[in-house]
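The next block holds one structure in the form of structure tokens; read it before the comments.
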Amino acid sequence: MRKRLFDRLLSDSSFAEIANKGGAFFVFKILALLLNYAFSVVVVRHFGDSVFGFVTLGFTILMMTSAFSRFGFDIVLTKIFALEDDLNYKSIYYKSLGLTGAMSVVLAAIIYFNAGWIAGAIFSKPDFEVYLRWTAIAIPLWTLIPINASVFRGLKKNNLFAFFGGFGRFSLTLVIFLAYTLFLFDENQVESPLIAHFLALGVLLLLSSALVQRYFGGMNYSKAASFLKQLAISFPIFISTTVMIALLWADKLLLGIYVSEDNVGIYEISAKLAFLIGFNLEALNSILSPKISRAFAKGEIKRMQADISFSVRLSAAISVLTLIGLVLFSDLLLSFFGPEFARGKPVILIVCIGQMFNVLCGPVANIMQMTGYQSLLSRVIVIALIVNIGLNIWLIPVYGIVGAAWATTITYTFWNVSCAYLIQKNLGIVSYFNPMQLFKK
Numbered sequence: 002m003r004k005r006l007f008d009r010l011l012s013d014s015s016f017a018e019i020a021n022k023g024g025a026f027f028v029f030k031i032l033a034l035l036l037n038y039a040f041s042v043v044v045v046r047h048f049g050d051s052v053f054g055f056v057t058l059g060f061t062i063l064m065m066t067s068a069f070s071r072f073g074f075d076i077v078l079t080k081i082f083a084l085e086d087d088l089n090y091k092s093i094y095y096k097s098l099g100l101t102g103a104m105s106v107v108l109a110a111i112i113y114f115n116a117g118w119i120a121g122a123i124f125s126k127p128d129f130e131v132y133l134r135w136t137a138i139a140i141p142l143w144t145l146i147p148i149n150a151s152v153f154r155g156l157k158k159n160n161l162f163a164f165f166g167g168f169g170r171f172s173l174t175l176v177i178f179l180a181y182t183l184f185l186f187d188e189n190q191v192e193s194p195l196i197a198h199f200l201a202l203g204v205l206l207l208l209s210s211a212l213v214q215r216y217f218g219g220m221n222y223s224k225a226a227s228f229l230k231q232l233a234i235s236f237p238i239f240i241s242t243t244v245m246i247a248l249l250w251a252d253k254l255l256l257g258i259y260v261s262e263d264n265v266g267i268y269e270i271s272a273k274l275a276f277l278i279g280f281n282l283e284a285l286n287s288i289l290s291p292k293i294s295r296a297f298a299k300g301e302i303k304r305m306q307a308d309i310s311f312s313v314r315l316s317a318a319i320s321v322l323t324l325i326g327l328v329l330f331s332d333l334l335l336s337f338f339g340p341e342f343a344r345g346k347p348v349i350l351i352v353c354i355g356q357m358f359n360v361l362c363g364p365v366a367n368i369m370q371m372t373g374y375q376s377l378l379s380r381v382i383v384i385a386l387i388v389n390i391g392l393n394i395w396l397i398p399v400y401g402i403v404g405a406a407w408a409t410t411i412t413y414t415f416w417n418v419s420c421a422y423l424i425q426k427n428l429g430i431v432s433y434f435n436p437m438q439l440f441k442k
């Protein structure tokens with residue numbers, strides 16, 4: 002069976018591309034995660050777990066507000082730049098930058114000038130104000146960088162997409178922060194991790210914008226694409242993407258309201274370790290999404306099904322090995338961050354369950370977004386978000402970070418299984434891992 006899998010990999014150019022380029026992206030994502038962990042360790046060692054908890058809350062707000070500001074155009078740009086037609090999509094990119102940039106500046110201003118009220122009235126943590134201001138001014142930067150990265154993704158420049166999608170962010174942040182701690186360290190300037198992060202994002206925005214212009218220089222198309230048409234497409238994607246980001250970060254946001262900041266930091270590290278299980282699926286999705294968009298546009302459903310099935314089987318195999326490693330070495334991994342992080346072991350084990358459902362159900366969100374079912378996806382995720390918020394509000398006051406872990410796992414299982422069912426019902430595509438396929442010739 003294993004020989005048959007390798008034979009198919011070698012004989013099918015599409016499978017080979019998914020494995021090779023997905024593998025490169027996976028390496029970038031793992032490196033980005035390691036850098037993220039290194040950054041976390043440095044912050045905890047220099048300032049303590051409470052400061053790291055505030056930094057985590059800042060990143061949570063950054064991710065949610067920047068996703069809202071992008072209005073779904075990062076997904077739209079991936080779709081249209083993946084199409085092999087003669088339309089000029091450069092104007093769509095520039096108008097997307099203008100719209101999303103304006104939205105992000107407005108949101109940043111609202112948060113910046115109300116940081117004191119938000120920190121005190123909503124989170125009951127007045128010390129969070131200074132972190133929140135640095136978070137606010139970073140919102141426009143992290144809104145526009147993924148817009149640029151989505152162009153690279155559509156053009157199949159996957160190493161650039163991986164770099165600007167995560168690796169560059171934490172590599173530059175870590176370098177700047179280490180330089181600061183070595184030469185200008187001040188234990189009272191607790192917001193310095195977010196200052197380093199802001200400077201890193203500024204460099205990434207300039208660099209990614211320059212590279213986009215370089216690739217645009219080689220594009221010569223005669224027909225102009227309609228911005229209004231893409232705007233209409235982007236709205237349901239905006240809903241689904243924004244709600245999905247809210248779903249990913251709601252647990253930490255609500256933990257910030259109900260528990261101390263040090264517990265927020267412990268939960269963040271523990272959940273992030275469990276999310277290692279789904280990293281390989283994300284890597285494969287970076288290659289798979291443009292392929293799905295092109296295959297669906299051409300009506301090549303069998304090709305699309307074959308690519309999805311191959312990706313899910315490969316992802317499931319890697320995830321099982323990752324799960325075993327996390328179960329065996331979770332205590333060791335948590336010990337790098339300090340003895341107090343041992344409280345996060347139950348979180349790892351619980352969130353691992355939800356992540357395995359995420360992997361085994363396949364790339365459901367990508368499939369629905371790339372095949373025109375973004376409105377249906379939006380409805381499922383809105384329901385999932387409501388369930389998630391309700392479970393977090395119910396479980397966190399009683400069970401703390403363990404309650405947040407169960408809320409996350411239950412929600413992930415619900416929306417992944419629901420989307421897999423809807424994909425099969427509406428598209429006739431099996432997105433989930435089917436063990437019986439392993440025995441087919």
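So the sequence shown is numbered by my numbering: it starts at 2 and just counts up by one. All C-beta atoms, glycine included, are put in the ideal place defined by N, C-alpha and C.
#1: What's the gap between the Cα of Leu396 and the Cα of Ile368?
#2: Taking the alpha helix (DSSP H) that Gln214 belongs to, which residues open and close that run?
#3: Is the region 404-421 close to the region 352-365, with three or more CB pairs under 8 Å?
#4: Could you tell me which of Gly300, Ala116, Leu256, Phe72 sits nearest to Thr372, measuring between CA atoms?
#5: Determine whether the beta carbon atoms of Met305 and Phe297 lie at a separation below 8 Å.
#6: Got a sec? Which residues, its chain only, sit under 6 Å from Leu315 by beta carbon, not counting five neighbours each side?
#7: Hey, out of Ala33, Val131, Val383, whose CA is closest to Leu173's CA?
#8: If Ile390 sits next to Ala211, beta carbons under 8 Å apart, how far is it from one beta carbon to the other, in whole angstroms?
#9: Taking only runs of the alpha helix (DSSP H) that begin and end inside the region 248-335, which ones reach a length of at least 4 residues, in chain order?
#10: Assign Ile430 to one of three DSSP states: helix, strand, or coil.
#11: What number of angstroms, rounded off, separates the C-alpha of Asn417 from the C-alpha of Leu249?
#12: Leaving out the 5 sequence neighbours to the left and right, which residues in its chain are closer than 7 Å to Ala150 when beta-carbon positions are compared?
#13: What span of residues does the alpha helix (DSSP H) with Ser172 cover, start to end?
#14: Let me confirm a value: Lys442 is counted as buried when at least 16 other C-beta atoms fall within 10 Å, else exposed. Which label applies?
#15: Buried or exposed for Asn359, please, with buried defined as at least 16 other CB atoms from any protein chain shown within 10 angstroms of its CB.
#16: Measuring CA to CA, which of Leu142, Phe338, Thr243, Pro127 is closest to Phe53?
#17: Which of helix, strand or coil does DSSP assign to Thr458?
#18: Is it the case that the Cβ atoms of Leu206 and Leu142 are separated by a distance below 8 Å?
#19: Would you call Tyr433 buried or exposed, if buried means 16 or more other Cβ atoms sit within 10 Å of its Cβ?
#20: Quick one: measure Cβ to Cβ for Asn435 and Tyr374, integer angstroms, because I've assumed they're closer than 8 Å.
#21: Quick one: using the 10 Å Cβ neighbour count with 16 as the cut-off for buried, is Pro364 buried or exposed?
#22: Is the region 175-184 touching the region 100-115 in the sense that three or more CB pairs, one from each, lie closer than 8 Å?
#23: By Cβ distance, which residues of its chain are closer than 7 Å to Lys126, with the 5 residues on each side in sequence left out?
#24: Between Ser97 and Phe69, is the Cβ-Cβ spacing less than 8 Å?
#25: Look at the alpha carbon of Leu256 and the alpha carbon of Ile382, and state the distance between them as a whole number of angstroms.
#26: Within a Cβ cutoff of 6 Å, which residues of the same chain sit near Ile430, ignoring the five residues on either side of it in sequence?
#27: Counting C-beta neighbours from all protein chains within 10 Å, is the total for Leu327 16 or more, i.e. buried, or is it exposed?
#28: For Lys158, which of helix, strand or coil comes out of DSSP?
#29: For Lys157 and Pro147, I'd like the C-alpha separation in whole angstroms.
#30: So, are the CB atoms of Phe72 and Leu108 less than 8 Å apart?
#31: State the DSSP-derived secondary structure class of Gly401, mapped to helix, strand or coil.
#32: So what's Lys126 in DSSP terms, helix, strand or just coil?
#33: From Gln370 to Leu254, what distance separates their C-alpha atoms?
#34: Between the alpha carbons of Thr243 and Ser67, how many angstroms are there, rounded?
#35: When the distance is taken between beta carbons, is Leu202 closer than 8 Å to Arg170?
#36: How far does the alpha helix (DSSP H) with Gly59 in it reach, from first residue to last?
This is what the structure gives:
#1: Roughly 32 Å between the two C-alpha positions.
#2: That run of the alpha helix (DSSP H) goes 193-217.
#3: Output reads yes: the region 352-365 touches the region 404-421.
#4: Thr372 has its Cα closest to that of Gly300, out of Gly300, Ala116, Leu256, Phe72.
#5: Closer than 8 Å, so yes.
#6: Beyond the five residues adjoining it in sequence on each side, Leu315 comes within less than 6 Å, by CB distance, of no other residue in the same chain.
#7: Comparing C-alpha distances from Leu173 to each of Ala33, Val131, Val383 shows the shortest one belongs to Ala33.
#8: Actually they do not touch by this definition, with Cβ atoms about 41 Å apart.
#9: Complete alpha helix (DSSP H) runs here, min 4: 262-275, 280-299.
#10: Taken through DSSP and simplified to helix, strand or coil, Ile430 comes out as coil.
#11: Rounded to the nearest whole angstrom, the C-alpha separation of Asn417 and Leu249 is 13 Å.
#12: For Ala150, where only same-chain residues beyond five positions count, the Cβ hits under 7 Å are Phe162, Phe165, Gly166, Ser209.
#13: Taken as a continuous stretch (DSSP letters only), the alpha helix (DSSP H) holding Ser172 covers 169-184.
#14: Reliability fails at Lys442, whose pLDDT of 46 lies under 50, so the model's placement of it is uncertain and the value that follows must be treated cautiously. So Lys442 counts as exposed.
#15: By the neighbour-count rule (16 or more Cβ atoms within 10 Å), Asn359 is buried.
#16: It is Phe338 whose Cα lies nearest to the Cα of Phe53.
#17: Outside the displayed range of the chain (2 to 442) lies residue 458, so it cannot be described from this structure.
#18: It is a contact, given that the beta carbons lie within the stated cut-off.
#19: When all chains shown are included, Tyr433 counts as buried.
#20: Wrong, their Cβ atoms sit about 21 Å apart, outside the cutoff.
#21: Label assigned to Pro364: buried.
#22: These segments do not touch.
#23: Contacts found: Ala120, Glu262.
#24: No.
#25: Their Cα atoms are separated by approximately 21 Å.
#26: Cβ neighbours of Ile430 beyond the five flanking positions: Gln306, Ile424.
#27: Using a 10 angstroms sphere on the CB of Leu327, the tally of other CB atoms reaches 16 or more, which defines it as buried.
#28: In the structure shown, Lys158 adopts coil according to DSSP, grouped into three states.
#29: A straight-line Cα-Cα distance of about 15 Å links Lys157 and Pro147.
#30: Against a cut-off of 8 Å, the Cβ pair of Leu108 and Phe72 comes out as no contact.
#31: DSSP, read as helix, strand or coil, puts Gly401 in coil.
#32: Lys126: coil per DSSP, three-state reduction.
#33: The alpha-carbon separation between Gln370 and Leu254 amounts to approximately 26 Å.
#34: Each residue's Cα considered, the two are about 9 Å apart.
#35: A contact, by the Cβ cut-off of 8 Å.
#36: From DSSP, the alpha helix (DSSP H) with Gly59 extends over 50-71.
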